[in-house]
Amino acid sequence: MKPSTSRPRPSGLVCAYRKLPRGAGREEQSSILVALFGKLGYMRTLEVSAADARSAVVCGLGAWLPPRIVTNDELATRLDTSDEWIRTRTGIQTRHIVSPGMPTSYLAAEAGARAMESAGVKDVDALVLATTTPDRPCPASAPRVAHRLGLTGRPAFDVSAVCTGFLYALSVAAGLIVSGAAEHILVIGAEAFSTIIDPHDRTSGVLFGDGAGAVVLRAGDHQEPGAIGWVELGSDGSLDDIITVRAGGSEQRSAGAPQSPADSYFSMRGQEVFPHAVRRMAEAATTALAHARWRPDEVDRLVGHQANLRILHALSERMHIPRERLVVHLDRVGNTAAASIPLALAHAQSTGELFPGARVLLAAFGGGATWGATAVTWPDIKAL
Ligand code: UT7
10 MKPSTSRPRP
20 SGLVCAYRKL
30 PRGAGREEQS
40 SILVALFGKL
50 GYMRTLEVSA
60 ADARSAVVCG
70 LGAWLPPRIV
80 TNDELATRLD
90 TSDEWIRTRT
100 GIQTRHIVSP
110 GMPTSYLAAE
120 AGARAMESAG
130 VKDVDALVLA
140 TTTPDRPCPA
150 SAPRVAHRLG
160 LTGRPAFDVS
170 AVCTGFLYAL
180 SVAAGLIVSG
190 AAEHILVIGA
200 EAFSTIIDPH
210 DRTSGVLFGD
220 GAGAVVLRAG
230 DHQEPGAIGW
240 VELGSDGSLD
250 DIITVRAGGS
260 EQRSAGAPQS
270 PADSYFSMRG
280 QEVFPHAVRR
290 MAEAATTALA
300 HARWRPDEVD
310 RLVGHQANLR
320 ILHALSERMH
330 IPRERLVVHL
340 DRVGNTAAAS
350 IPLALAHAQS
360 TGELFPGARV
370 LLAAFGGGAT
380 WGATAVTWPD
390 IKAL
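According to this note's numbering, the sequence shown is numbered sequentially starting from 10.
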């Protein structure tokens, strides 16, 4: 990370230990240290009990959608589908699609620039990009995005957790800030998902869209609005077949040619994914609520991964959070995978659904399978 002084930077552990309050009791000290050591084994954001604990705080929000909008009726001209089927089964009405020659890094840089402007910063100490659709299998796309944003030299890396990617990236970035390794981090979720969709697959073809959303995190206090608390994350690799692109990786390359052209495209066993998505998001969100010490009826906005309106309704029922408190953005943009949560946040901010002090619960489920959730008290920021 970029050192802020010429002195060698202490390790994250030492930094955090030095931040212990002078009169901190043994319980507070051990809470911090246990969390830090636990971090080595589990990719979880620290939960600390010390009153002045350092935290990562959301201070900027940006979004960008490619201009081309594709309606359900337009899809129905080339796929065996209908506006009625798509609306009733998914709630989706339109999605944005990249133009030829517009890779994920382009979308990511547009959203990242807006988030930095929203935060009022011209520089950050690191960039984390969550994406399922990197510009190339190798290298990661984040360095290219950082270069576009004038951040050449800063650490930049991709996180791959499909539709949970943004929450994974948020957790990693928050951990870097809490450890003292960084003061500001740009976290982006970006997808050109349409580029991996089989043009003949009517099911996936109607679900996904392209776009990017981003937040800037800064170092702050865990009691401030915008502070990222516990990020509950999980995975189950036994489900890696239900959402996948079979070809193009070492598994297929070591075995030989792809078995069929469809192997190079995204495939999803939607019916199987549905119950896992509802169950895992609800479980993770329940844990996140417990860490935040909020009751479900205290949640002002539930921002679930925008895959299907029926999934969001099922989630709200399981969580005992009224449907009216759901943020719904999929009707306009479809499922934008790793971009889904930050895009929904930017949308809800622009409509006034998110307001300073709102108690916001985020939850996602994606390929891997992966899932995650966190709770955040909404800060006073402007989305760009
Ligand atoms: O982003 C990661 C997380 N992803 C998700 O959470 C997605 C979870 N799954 C879903 O959202 C839903 O399962 C889908 C939207 C993908 C599919 O909805 P469904 O209600 O589960 O439909 P289905 O797969 O059971 O298909 C029902 C029927 C089938 O026809 P038959 O066999 O009943 O004659 C499909 O062939 O609908 C047919 N169908 C379509 N018909 C018109 C499938 N796709 C389409 C389509 N247009 N686009």
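Using N, Cα and C, we set each Cβ at its ideal position, and we do this for glycine too.
Residue i bridges to which residues according to DSSP?
| i | result |
| --- | --- |
| His193 | Arg227 |
| Thr379 | Ser244 and Gly375 |
| Gly220 | Glu200 |
| Phe166 | Val137 |
| Arg63 | Asp230 |
| Leu70 | Val224 and Ala392 |
| Leu311 | Leu335 and Leu370 |
| Thr253 | Ser276 |
| Thr142 | According to DSSP, Thr142 bridges with nothing at all. |
| Val385 | Val369 |
| Ala236 | Val66 |
Kindly list the residues whose CB is nearer than 7 Å to the CB of residue i, restricted to its own chain and excluding five residues on each side of it in sequence; keep chain order.
| i | result |
| --- | --- |
| Asp340 | Gly100, Ile101 and Gln102 |
| His209 | none |
| His338 | Gln315, Leu352, Ala353 and His356 |
| Asp167 | Leu138, Thr140, Pro143, Ala149, Ser150 and Ala151 |
| Val282 | Ile251 and Ile252 |
| Thr205 | According to the sequence shown, residue 205 is Ile rather than Thr. These residues qualify, in order along the chain: Thr142, Val254, Tyr274 and Phe275. |
From this set, the options, which residue's C-alpha is nearest residue i's C-alpha?
| i | options | result |
| --- | --- | --- |
| Leu176 | Glu192, Leu185 and Val196 | Val196 |
| Ala357 | Gly366, Val312 and Arg288 | Val312 |
| Ala297 | Glu281, Glu83, Val369 and Leu116 | Val369 |
| Cys385 | His300, Gly184 and Leu321 | Checking the sequence shown, residue 385 turns out to be Val, not Cys. Among His300, Gly184 and Leu321, the Cα nearest to that of Val385 is on His300. |
| Ala286 | Ser213, Ser263, Phe374 and Pro270 | Phe374 |
| Thr360 | Lys391, Glu241 and Thr90 | Lys391 |
| Ala228 | Ala382, Gly189, Gln268 and Gly381 | Gly189 |
| Leu160 | Val130, Gln280 and Ala170 | Val130 |
| Ile4 | Val308, Ala348 and Leu318 | What the structure shows of the chain is the stretch from 10 to 393, and residue 4 is not part of that stretch, so it cannot be assessed. |
| Gln179 | Ala347, Pro267 and Gly265 | First, the amino acid is wrong: residue 179 is Leu here, not Gln. The option with the nearest alpha carbon to Leu179 is Ala347. |
| Gly184 | Phe202, His231 and Pro146 | His231 |
| Ala378 | Phe202, Ile205, Arg278 and Ile206 | Arg278 |
| Leu74 | Val133, Leu116 and Ser64 | Leu116 |
| Asp245 | Tyr274, Trp380 and Arg310 | Trp380 |
| Met125 | Thr113, Gly69 and Gly366 | Gly69 |
For residue i, which residues from the same chain have a beta carbon less than 6 Å from its beta carbon, with the 5 sequence-adjacent residues on both sides left out?
| i | result |
| --- | --- |
| Gly218 | Arg104, His105, Val342, Gly343 and Thr345 |
| Pro388 | Val67, Pro234 and Gly235 |
| Gly110 | none |
| Val215 | Leu84, Thr90 and Ile95 |
| Leu248 | Ala378 |
| Thr383 | Val240, Ala297 and Leu371 |
| Leu88 | Arg211 and Gly214 |
| Gly376 | Val171 and Ile252 |
Kindly list the residues whose CB is nearer than 8 Å to the CB of residue i, restricted to its own chain and excluding five residues on each side of it in sequence; keep chain order.
| i | result |
| --- | --- |
| Ala122 | Gly71 and Leu158 |
(Q) My parser needs the alpha helix (DSSP H) runs of 4 or more residues fully inside the region 323-374; what are they? (A) 339-342 and 349-360
Q) Along the chain, which unbroken stretches of the beta strand (DSSP E) at least 3 residues long are found entirely within the region 72-135? A) 78-80 and 103-105
Q.
Does the structure place the region 196-205 close enough to the region 117-137 that three or more beta carbon pairs sit under 8 Å?
A. yes
Q. Using 8 Å as the Cβ pair cut-off and three pairs as the minimum, do the region 179-195 and the region 134-149 touch?
A. yes
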